[in-house]
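Asker: Chains as they are written, first to last, in our numbering: chain R, 15 to 367; chain B, 15 to 367; chain X, 15 to 367.
The beta-carbon is built from N, C-alpha and C at its ideal position, and this holds for glycine as well.
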């Protein structure tokens, strides 16, 4: 594709020769002739001047200072990530969408399918409601009493159990499990022993429109209300969302995060990888939870917390810095003790100075 | 259902009008007319007086003090969680159990099935032994040389490999993997490089009666003995149970817990979410491991530990509190240094006071 | 099998009666007559003298000091783990390898299969390239545009998406997901709200020869380059390998590790269980990351780090030890303050000593 046409299409400003042709997008490190190179992070931009790409896609802010260093054509845009997405759409045709219901899928006679539904081989679909344009991947399982909104996409091997509703355009990753019962047990007296039996759940799961759920992630159904993942929330791989949890809208749960039962995560909150939220704990709107942090108290809206137990991010940074210098602090105390001991030895303990 | 009949059935004491009808159980926040509201936690009980439910189910202990504040009928019970489970059973009919072997399942001619076995569409069952009333979900895989005890329930998409025995009434969650080989490798000299090859495992997996295994959880087979999950142990989602591990009975592993090879977790021990146990480490009977804790030394029976490396819970709480005040401690040391320095400046270093 | 023959076959030195017969390998704790007992760890060797095994397999180094304490035959070897692997191979016949393409598998007409390919019942294979001796487990999914090298083994229920190449002899565990898109989003202006849309990925996944991938582990495809798991790297269960990550060769990722996007893990590096690496962070060759550590800065080659944020292992050990004694340190400061206060009270604040 000609650079001038590409610039127009992705909303970028072109510096250099618009007649040049690029055929694909590549990391700035790997890009060569015919490639549009992209630096994924600010520090990768240092590598840009040495790139072998035919053209580069960079942030306007960087170009303002550095464009003169480049000896190749440049596309400048802000935000650059949006231009990247568009460039990929322009240069890399999307793989063909699957079409039709594969004859090797098992679809219940009572299932109601909209127009242009695609169901892959080996998938099993119960008495469910599938909106227009829904895609169900190979070997996925859609139970009875499930609703998949228009354009929803359930990946290969994903499992969607009864009582789950998935909104329009939402994506459910491969191997994800939606609607399993949560970790709720109640004691039942028995002649011989106290046995904890699972409490049957009366809530379901609601995945709102535009949500993305990652691979092998689990979202449990609610014990007493619907577990809810709000619109456009992004959930990464291997995340645990417990029963009766309410997340989002527009929240972000990075890989391996765990949210225990009854907790809530407010609009736009971001939980970094491997962090956890204790049961019945609330993370406020726009709050940010650091990687591996353990939230055990409610987090106010807009706050940033880190550590286990999670505390304000700045306090945690300071504490961690001090922690590394505890040895030095202990030595300073020892010096003080020695000096005071010495003075005490010299000066009579009781009596004037 | 009439409240007086419900009270009788779930073993609760009725305060108010027994003629009232309730149709379903709901969280106290969501409950409205026709609902039995339930407060899942003590602090939710504050919301109870304002509830719109027709009736409420509350702990006896709370009712004793607060029942007079309520303007709706009340059911009081202890333990309230047991009454809740029973109320759900009374008001919410269980979904119909699956029945029979689906013709789209693949069942080996050598499989031995008890009475009333149900196998879902797309499931694959090898030369295995399935007791009476076993349920195998859609798209689950039961390998050769597997035994599923009476009433065992294997969820959709779960994978049960050769050499795994599952006890009576045990539940295996959707997407769980039982019996994969553990993370055990041995070096093999090769002409060109040292290569680590997997050591074939001679142990299997034993899941005892009444165990619950969560979604996408993994239990590895033993290298030299059977990996064992003891009776009535509850394992949440996305948990890793390593090779040769012995857990339970009656233990609790919350979501995303990891137990490394050869470790043991004693009867009734509770591991909170995202905690981990190092290989060859023993967690004693009734011990409690805090969320995200990292157990690297044996934990005595009945002990409570937290932190990484895990230490006694109280010591950890104290250390965490101090950690937050390290700044202040450092300032105090600085003050001492300044004052002592001042005195030193005033007083001759050697010589009498 | 006779002990003398076994010793010869596994490269061990025999102490005792070579006429004895052993039939299987077992943990030293479980071993009885007819068993070859094996102590999996140094501290288990204490149990060896009391073992009921017919014979024991022990490290040469241990035998040198302790062989005289034993009253049963002994096989001594170094490294003992290699001899163990060989003993298992000798005494425990491998389960029969699956053979042929099951008629209940769904194999695309355009798939190209090498010799001796085995595909299990319920598996779905697209227009992919499967080398000689490849095994695809039951209910696994191999998408279009996948290459599986000779001898590669894809476990039951595993999901291998388009653009993934798996090297010779590599193993993909049950339920693993390779090639899902990573967690990369870009803002798209919309009339009503800012929406983050997934950026389509142009990279794939390369799993090199001899790699082992554990159960339910996820390896995301690259956004701008191939995500790569280098030769002979061992990845345990429930691990997250993010988009554009490069790991190995010969690296080790223990269970529940998470590697965020664009990070790299060098040759031979070892990440212990539940540790995490921040996006765009590099772990050097041969580095060791402790259990549950959180790597947020680059780790130099050969370094050992621990804690969150990860610091050098020794510094972390020291800091953790000090942390446990913060109470004591605070008390020492309080004593100093009291003593200095007392002296100040006695001595006039200004004026000579």
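Which residues in chain D have a C-beta closer than 8 Å to the C-beta of residue 334(X)? List them in chain order.
Answerer: Of the protein chains in the structure, R, B and X, none is chain D.
Asker: Per DSSP, what kind of secondary structure is residue 91(B) in: helix, strand or coil?
Answerer: Locating residue 91(B) in the second chain gives position 77, where the first residue counts as 1. In the structure shown, residue 91(B) sits in a strand (DSSP, three-state: E or B).
Asker: Using the Cα positions of residue 75(B) and residue 27(B), report the straight-line distance between them to the nearest angstrom.
Answerer: Taking the first residue of the second chain as position 1, residue 75(B) is located at position 61. Taking the first residue of the second chain as position 1, residue 27(B) is located at position 13. Approximately 12 Å between the Cα atoms of the pair.
Asker: In terms of residues, what are the limits of the alpha helix (DSSP H) holding residue 38(B)?
Answerer: Here residue 38(B) corresponds to residue number 24 of the second chain, with the count starting at 1. Segment 38–41 is the beta strand (DSSP E) holding residue 38(B); no alpha helix (DSSP H) there.
Asker: Residue 102(R) CB to nearest chain X CB: under 8 Å?
Answerer: Position 88 of the first chain holds residue 102(R). It does: the Cβ of residue 102(R) has a partner Cβ on chain X nearer than 8 Å.
Asker: For residue 69(R), count neighbouring C-beta atoms within 10 Å of its own C-beta (all shown protein chains included) and say buried if the count is 16 or more, exposed if not.
Answerer: Here the question's residue 69(R) lines up with position 55 in the first chain. It counts as buried.
Asker: Under 8 Å Cβ to Cβ from residue 159(X), same chain only, skipping five residues before and after it: list those, please.
Answerer: Position 145 of the third chain holds residue 159(X). By the criterion of a C-beta distance shorter than 8 Å, residue 159(X) is surrounded in its chain by 140, 141, 142, 176, 177, once the five residues flanking it on both sides are discounted.
Asker: Check whether the region 90–100 of chain R touches the region 117–136 of chain R, taking contact to mean three or more Cβ pairs, one atom from each stretch, closer than 8 Å.
Answerer: no
Asker: With DSSP collapsed to three states, give me the class of residue 23(X).
Answerer: As a working note, residue 23(X) is residue 9 in the third chain. Helix at residue 23(X).
Asker: Any residues in the region 222–235 of chain X with a beta carbon nearer than 9 Å to a beta carbon of chain R? Which ones, in chain order?
Answerer: 230, 231, 232, 234
Asker: From 96(B), 189(B), 155(B), 109(B), pick the residue whose C-alpha is nearest to that of residue 125(B); which is it?
Answerer: Sequence index remark: in the second chain, residue 125(B) carries index 111 (1-based). Answer by Cα proximity: 155(B).
Asker: Determine the chain R residues that contact residue 185(X) at a beta-carbon separation under 7 Å, and present them in chain order.
Answerer: To locate residue 185(X), count along the third chain from 1; it is residue 171. By Cβ distance, chain R contributes nothing, its closest Cβ being about 18 Å from residue 185(X), past 7 Å.
Asker: Is the Cβ-Cβ distance between residue 306(R) and residue 270(X) less than 8 Å?
Answerer: On the first chain, residue 306(R) is found 292 positions in, with the first residue counted as 1. On the third chain, residue 270(X) is found 256 positions in, with the first residue counted as 1. No; because the gap between Cβ atoms is not below 8 Å, this pair is not in contact.
Asker: Is residue 229(R) closer than 8 Å to residue 188(R) when the C-beta atoms are compared?
Answerer: Translated into the one-based positions of the first chain, residue 188(R) becomes position 174. Translated into the one-based positions of the first chain, residue 229(R) becomes position 215. It is a contact, given that the beta carbons lie within the stated cut-off.
Asker: Pick helix, strand or coil for residue 347(X), following the three-state DSSP scheme.
Answerer: Translated into the one-based positions of the third chain, residue 347(X) becomes position 333. The answer is helix: DSSP assigns residue 347(X) an H, G or I state.
Asker: Smallest Cα separation from residue 58(X): which of 107(X), 218(X), 41(X)?
Answerer: Counted from its first residue, the third chain places residue 58(X) at position 44. With distances taken between Cα atoms, residue 58(X) lies closest to 41(X).
Asker: Are any of the Cβ atoms in chain X nearer than 8 Å to that of residue 136(R)?
Answerer: The sequence position of residue 136(R) within the first chain is 122, counting from 1. It does; some Cβ of chain X falls within 8 Å.
Asker: As an exercise, report each continuous beta strand (DSSP E) stretch of at least 3 residues that is fully enclosed by the region 235–287 of chain B, in chain order.
Answerer: 241–243
Asker: Under the rule that 16 or more other beta-carbon atoms within 10 Å means buried, what is residue 66(R), buried or exposed?
Answerer: As a first step, residue 66(R) is located in the first chain; it is residue number 52 there, counting from the start. It counts as exposed.
Asker: Three-state secondary structure (DSSP) at residue 33(R)?
Answerer: For the purposes of this step, residue 33(R) is taken as residue 19 along the first chain, with counting starting at 1. In this structure, residue 33(R) counts as coil in the three-state DSSP scheme.
Asker: Let me check one thing: in DSSP terms, what residues is residue 185(R) bridge-paired to?
Answerer: In the first chain, the residue the question calls residue 185(R) occupies position 171. 167(R), 226(R), per the DSSP bridge assignment.
Asker: Could you give the DSSP three-state label for residue 132(X): helix, strand or coil?
Answerer: Your numbering for residue 132(X) matches position 118 in the third chain. Note: residue 132(X) maps to strand in three-state DSSP.
Asker: Taking the beta carbon of residue 20(R) as the centre, do at least 16 other beta carbons fall within 10 Å, making it buried, or is it exposed?
Answerer: As a working note, residue 20(R) is residue 6 in the first chain. Buried, by the Cβ-count rule.
Asker: Output needed in chain order: residues of the region 260–289 of chain R with a Cβ under 8 Å from some Cβ in chain B.
Answerer: 270, 272, 274, 276, 288
Asker: Less than 8 Å between C-beta atoms, sequence neighbours within five positions excluded: which residues of the same chain meet that for residue 61(B)?
Answerer: Here the question's residue 61(B) lines up with position 47 in the second chain. So the qualifying residues of the chain are 42, 43, 53.
Asker: Taking 8 Å as the CB-CB cut-off, is residue 35(X) touching chain B?
Answerer: What you label residue 35(X) is simply residue 21 of the third chain in a count that begins at 1. No, residue 35(X) lies away from the interface with chain B (no Cβ there is under 8 Å from its Cβ).
Asker: What are the residues of the region 156–176 of chain X that lie near chain B, defined by any Cβ-Cβ distance shorter than 8 Å?
Answerer: Closer than 8 Å at the C-beta level to chain B, one finds these residues of the region 156–176 of chain X: 169, 170, 171.
Asker: So is residue 355(X) buried or exposed if we call it buried at 16+ other beta carbons inside 10 Å?
Answerer: Residue mapping note: residue 355(X) aligns to position 341 of the third chain, counting from 1. By the C-beta density criterion, residue 355(X) is exposed, having fewer than 16 other C-beta atoms within 10 angstroms.
Asker: With H, G and I counted as helix, E and B as strand and the rest as coil, what does DSSP make of residue 194(B)?
Answerer: Counting from 1 along the second chain, the entry for residue 194(B) is found at position 180. Here residue 194(B) sits in strand by DSSP.
Asker: Provide the residue span of the alpha helix (DSSP H) that contains residue 78(B), from first to last.
Answerer: Residue mapping note: residue 78(B) aligns to position 64 of the second chain, counting from 1. Where residue 78(B) is concerned, the enclosing alpha helix (DSSP H) stretches over 74–80.
Asker: Is the region 268–282 of chain B close to the region 241–256 of chain B, with three or more CB pairs under 8 Å?
Answerer: yes
Asker: Ignore the nearest five residues each way along the sequence and tell me which others in residue 25(R)'s own chain have a CB closer than 8 Å to its CB.
Answerer: One-based indexing of the first chain puts residue 25(R) at position 11. Hits under 8 Å: 91, 96, 97, 100.
Asker: Quick check on residue 85(B): buried or exposed, where buried means 16 or more other Cβ atoms within 10 Å of its Cβ?
Answerer: On the second chain, residue 85(B) is found 71 positions in, with the first residue counted as 1. By the neighbour-count rule (16 or more Cβ atoms within 10 Å), residue 85(B) is not buried but exposed.
Asker: Between the beta-carbon of residue 216(R) and the beta-carbon of residue 80(B), is there less than 8 Å?
Answerer: One-based indexing of the first chain puts residue 216(R) at position 202. One-based indexing of the second chain puts residue 80(B) at position 66. No, Cβ-Cβ distance for residue 216(R) and residue 80(B) is not below 8 Å.
Asker: Quick check on this structure: which residue in 225(R), 296(R), 268(R) has the alpha carbon closest to the alpha carbon of residue 278(R)?
Answerer: Taking the first chain and counting its residues from 1, the one referred to as residue 278(R) is at position 264. Cα-wise, what sits closest to residue 278(R) is 296(R).
Asker: Report, in whole angstroms, the separation of the C-beta atoms of residue 303(B) and residue 285(B), which I expect to be a contact under 8 Å.
Answerer: Within the second chain, residue 303(B) is the residue found at index 289, counting from 1. Within the second chain, residue 285(B) is the residue found at index 271, counting from 1. About 4 Å separates the two Cβ atoms, so the contact holds.
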